[in-house]
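> All residue numbers in the sequence shown are consecutive under my numbering, ending with 765. Submitted below is the structure of interest, expressed as structure tokens.
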Amino acid sequence: MAPQGSAVKRQESLQVVLDYHQRSKHRFEAYAAGPDALDWDDQPEPFRWYDGAQKVDLPLLADRLATPFVDLYQTPGARPQLPLFERLAMLLERSLGLAAWKSYGGARWALRCNPSSGNLHPTEAYVVTSGMEGLAAGVYHYLSRDHQLERRCSFDSQSLPKLLPEGGVLVGLSSIFWREAWKYGERAYRYCQHDCGHAIAALSYAAAALGWSVELLDDWGDDDIARVLGLDRDGDYGNAEREHPDVMLLVGEDRKAAESPEASDVVAAIGTADWAGVANPLSERHMHGWPFIDEVAHACHKPQTTASSYVIPARPEPLASDCAEPAMALIRQRRSAQGFDGRTSITAHTLYRMLDMTLPRPGVVPWSSWPWQPRIHLVLFIHRVEGVKPGLYVFLRDADKQTLLRERISRQEFNWQRPAGCPQHLAFFSLVFANCQRTAETLSCQQAIAGDSAFSLGMLAEFDSVLQEAPWRYRQLYWEAGMLGQVLYLEAEAAGVRGTGIGCYFDDPFHQLLGISGTALQSLYHFTVGGALTDERLVTTPPYSHLAR
Ligand SMILES: Cc1cc2nc3c(=O)[nH]c(=O)nc-3n(C[C@H](O)[C@H](O)[C@H](O)COP(=O)(O)O)c2cc1C
């Protein structure tokens, strides 16, 4: 009986996910359910902290690191040998730390190295360490506003070392759904998952600059992550908004053959520890509840699973980039363009380089941190790329899926031609030649950024087949989309242009444009890249000038 019961439960969960997905679609007739008006008094506090937890100031050192951005794509080689504590500080500073403060009129807001839908930042980060010089063993919450670690849990430094490789730490990520739901209502769950994907990639890039690698521990279950990070400690949250476990990452020297720490061993080692700190409430009240988000989150609960056996295939060397910027500078300067000039073009080589960097290569960031095979492909609206005719194109991130995609992207007029001069290893095809700026804008909720750029794109996921494997993989697809977004953001900066993630798009009209019916393929995220306009009215100040450090 037991297996049958669990099969029924799984089917029910799958149905909840499918219902959520349909219901959270934006349609021409109506946007997904959200608040009718924003209650500004109730805007969530952008930062989480734990009152009563011991604070550890981290040094601000990342600007000193000269590793060139283009070197990150080489397998971690000789990198400066820095004390572990300094490395950890730099890792956090240039992945989840502040990048700048902006102000306009009476308003002032922080921007971070990782992007976030609406700049609402649902993602929280934790570090688990068995101790290093400057940092005692414990579980720490990262408070990006002050570049501090807050010691949530202290445990005997002897209990964990055997479980973590020398010098390695665990970094756990969680999401506070309310931060996004406050503004975006039911669609917010999707954005939280995107942001998590961006954060994974942000950590992967910053770690590479330090000679570290990041491994997503995909066998861990949500309950393990919640237990280790203390997210299941009801008494520490009171009225504060709860955090939902996302992923656990192992960060440290590239270990290749070494064993990854078992979730149950880490849970057991931390089991008897002392905890400190009480979470701050982010909003005094919640005008709207979004129970469907809780339902889909429940349906997407991830149990412990066996680790993925996917092996990234070898590929030709990445196409060259002439970016000479240090990685840490490029990461900090990354911004979302809020408008594009409608003029700037990029070269075909720049486009191909960006596409190339979305392909996994063994040992190469950020996909070296991603345990699963690529399940998302790109549909591009080419507007201004020298040597590539304007039109609609498709880029397959797994060339073996060509038959599947050709069957599903099924309009007769699509020509499926490889553009002249396209590098052999890129499965890039034109579908139709046309000026598609207006179409791109219309499909991206009428946002001009999708048409005034050099190109924009939609990310098409192998939806049904991935969800059939397990309902929680709905999250995996958004994480992959967020990681793709992070690659495009940084590659755009490296090419001297700028990108913007687009979470607001009309789902099914985009599918209809491609002749896609059913849910075998579903668009999960859009993105745009081009020559940015800058808003001269905004005043920018450095990220940590408010700290006397
Ligand atoms: C998942 C996601 C969805 C986004 N959707 C949009 C969008 O639809 N339109 C837009 O103008 N910006 C969008 N953005 C950009 C954010 O508004 C931007 O990241 C945020 O304001 C922080 O600014 P920064 O990226 O410069 O740090 C999105 C970003 C993310 C990560």
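Beta carbons: idealized from backbone N, C-alpha and C, even for Gly.
Does any heavy atom of ligand 1 sit closer than 6 Å to the C-beta of Ser-333?
Yes - ligand 1 has a heavy atom lying nearer than 6 Å to the Cβ of Ser-333.
> Report whether the distance from the Cβ of Gly-637 to the nearest heavy atom of ligand 1 is below 6 Å.
No.
> Per DSSP, what are the beta-bridge partners of Gln-633 in this structure?
Looking at the DSSP assignment, Gln-633 forms a beta bridge with Ser-646.
> Under three-state DSSP, which class holds Cys-412?
Of the three classes helix, strand and coil, the one that applies to Cys-412 here is helix, per DSSP.
> Say yes only if the C-beta of Cys-720 is nearer than 6 Å to one or more non-hydrogen atoms of ligand 1, and no if none qualify.
Yes, Cβ of Cys-720 sits closer than 6 Å to a heavy atom of ligand 1.
> What span of residues does the beta strand (DSSP E) with Tyr-741 cover, start to end?
737-746 is the span of the beta strand (DSSP E), which, as asked, contains Tyr-741.
> With a threshold of 6 Å, establish whether the CB of Gly-667 neighbours any heavy atom of ligand 1.
No, the Cβ of Gly-667 stays beyond 6 Å of every heavy atom of ligand 1.
> Where Ser-420 and Phe-301 are concerned, what is the direct C-alpha to C-alpha distance, given to the nearest angstrom?
Taking the straight line from one Cα to the other gives about 18 Å.
> Out of Ala-341, Phe-649, Phe-611, Ala-484, point me to the one whose CA is closest to Thr-574's CA.
Closest by alpha carbon: Phe-611.
> Relative to the C-alpha of Asp-572, which residue among Arg-550, Leu-700, Val-494, Pro-381 is closest?
Closest by alpha carbon: Leu-700.
> Thinking just about the alpha-carbon of each residue, which of Arg-328, Gly-383, Trp-583, Phe-393 is nearest to the one in Trp-506?
Answer by Cα proximity: Phe-393.
> Please state whether DSSP places Val-494 in a helix, a strand or coil.
The answer is strand: DSSP assigns Val-494 an E or B state.
> In the DSSP output, what is Gln-702 paired with across the bridge?
Answer is none; Gln-702 lacks a bridge partner.
> For ligand 1, is there any heavy atom lying closer than 6 Å to the beta carbon of Arg-551?
Indeed, a heavy atom of ligand 1 lies less than 6 Å from the Cβ.
> Buried or exposed for Trp-325, please, with buried defined as at least 16 other CB atoms from any protein chain shown within 10 angstroms of its CB.
Exposed is the call here.
> Here's the rule: buried if 16 or more other CB atoms are within 10 angstroms of the residue's CB, otherwise exposed. What is Ala-515?
Label assigned to Ala-515: buried.
> Just checking, does the segment 264-275 make contact with the segment 546-561 on the three C-beta pairs under 8 Å criterion?
No, the segment 264-275 does not touch the segment 546-561.
> Mind the definition here: the segment 652-667 touches the segment 703-715 only if three or more C-beta pairs lie below 8 Å; say whether that holds.
No: fewer than three Cβ pairs fall under 8 Å.
> With a threshold of 8 Å on Cβ separation, who are the neighbours of Ser-370 within its own chain once the five nearest residues in sequence on each side are excluded?
Here the set comprises Ala-352, Ala-353, Gly-354, Ala-489, Asp-490, Ala-492.
> Rounded to whole angstroms, what is the Cα-Cα separation between Arg-691 and Glu-469?
Each residue's Cα considered, the two are about 28 Å apart.
> Reducing DSSP to helix, strand and coil, say where Asp-462 ends up.
Three-state result, Asp-462: strand.
> Whole angstroms is fine: what's the gap from Pro-519's alpha carbon to Arg-531's?
Each residue's alpha carbon lies about 33 Å from the other.
> Starting from His-727 and walking both ways along the alpha helix (DSSP H), at which residues does that stretch end?
Its alpha helix (DSSP H) spans residues 723-729.
> Helix or strand or just coil, what does DSSP make of Leu-596?
The answer is strand: DSSP assigns Leu-596 an E or B state.
> Is Lys-518 helix, strand or coil by DSSP?
The answer is coil: DSSP assigns Lys-518 none of H, G, I, E or B.
> Which two residues bound the contiguous beta strand (DSSP E) that contains Val-344?
339-345 is the extent of the beta strand (DSSP E) around Val-344.
> Within 10 angstroms of its Cβ, does Ala-218 collect 16 or more other Cβ (buried), or is it exposed?
Note that Ala-218 scores 47 on pLDDT, short of 50, meaning its location in the model is unreliable; the coordinates nonetheless yield the value given after this. It is exposed - the Cβ of Ala-218 has fewer than 16 other Cβ atoms within 10 Å.
> Starting from Gln-203, trace the alpha helix (DSSP H) in both directions and tell me its first and last residue.
No statement about residue 203 is possible, as the shown extent of the chain runs from 217 to 765 and does not include it.
> With burial defined as no fewer than 16 other Cβ atoms inside 10 Å of the residue's Cβ, what is the status of Trp-256: buried or exposed?
Label assigned to Trp-256: exposed.
> Alpha carbon to alpha carbon, how far is Pro-275 from Ile-547?
For Pro-275 and Ile-547, the distance between alpha carbons rounds to 18 Å.
> Per the contact definition of three or more C-beta pairs closer than 8 Å, is the segment 378-398 in contact with the segment 330-347?
Segments in contact, yes.
> Tell me which same chain residues have a C-beta within less than 8 Å of the C-beta of Gly-322, skipping the five on either side of it?
No residues qualify anywhere along the chain.
> With a threshold of 7 Å on Cβ separation, who are the neighbours of Val-494 within its own chain once the five nearest residues in sequence on each side are excluded?
Hits under 7 Å: Tyr-266, Asp-267, Gly-268, Asp-452, Gly-454.
> Between Gly-607 and Phe-645, what straight-line distance do the alpha-carbon atoms span, to the nearest angstrom?
Whole-angstrom Cα-Cα distance: 11 Å.
> Can you tell me whether DSSP reads Lys-399 as helix, strand or coil?
Note: Lys-399 maps to helix in three-state DSSP.
> Rounded to whole angstroms, what's the CA-CA distance from Asp-768 to Val-483? Just pull it up for me.
Since the first residue shown for the chain is 217 and the last is 765, residue 768 is missing from the structure and cannot be characterised.
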